[in-house]
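Encoded as structure tokens, the structure appears first; notes follow it.
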Amino acid sequence: MNAHVKEETIWIDVGAVTDVPLRGARRVPTPRGAVAVFRTGDGRVFALKDACPHKGGPLSQGIVHGHAVACPLHNWSIDLATGEPLGADRGKGCSPTVPLRIEDGRILLGQV
Ligand code: FES
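Using the numbering used here, read the sequence shown as starting at 647 and increasing by one per residue.
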């Protein structure tokens, strides 16, 4: 009997790229917790668990600057590509990234 089970990613359409404001974010509730989807000034899209690595602040309500977001609670700056704090708070935890792809202008979040 073959015990090898291939895990496949399930992609869920959560809306159009243009639904997320430039230099802004949208909060997407999922069965595994809320996800923050960000769109930067240069049009790139990122997804992180919507919880700051410091004390769980809602990153989707933060200010997007460059490819980072400033947490609304205590102003830690979180790298959108890695979920890790920048600057003096580097190395103090991480907000997990969420698999994301764009297809025909739609945002798909991955769930493994
Ligand atoms: S909870 Fe985000 S900086 Fe404190």
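All C-beta atoms in this analysis are idealised placements derived from N, C-alpha and C, irrespective of residue type, glycine included.
Only residues of its own chain outside the window of five on either side were considered, and among them PHE684, LEU726 have a CB closer than 6 Å to the CB of PHE692, listed in chain order.
Looking from the CA of ARG690, the closest CA among ARG669, ARG678, ARG673, PRO718 belongs to ARG669. Only residues of its own chain outside the window of five on either side were considered, and among them VAL666, VAL683 have a CB closer than 6 Å to the CB of ARG672, listed in chain order. For the set THR664, VAL674, CYS740, GLY702, the Cα lying nearest the Cα of LEU719 is the one of GLY702. Distances from the CA of CYS740 to each of HIS711, LEU705, GLY687, ILE656 were compared; the closest alpha carbon is that of LEU705.
Taking LEU732 as reference, the option from HIS700, ASP659, THR676, PRO745 with the minimal CA-CA separation is HIS700. Taken in chain order, the unbroken stretches of beta strand (DSSP E) that lie wholly in the segment 711-749 and span 3 residues or more are 714-716, 723-725, 746-749. LEU694 and THR743 have their C-alpha atoms spaced approximately 4 Å apart.
Membership of LEU694 in the beta strand (DSSP E) is indicated by the continuous run 691-695. Between the C-alpha atoms of ARG747 and ALA734 there is a straight-line separation of about 31 Å.
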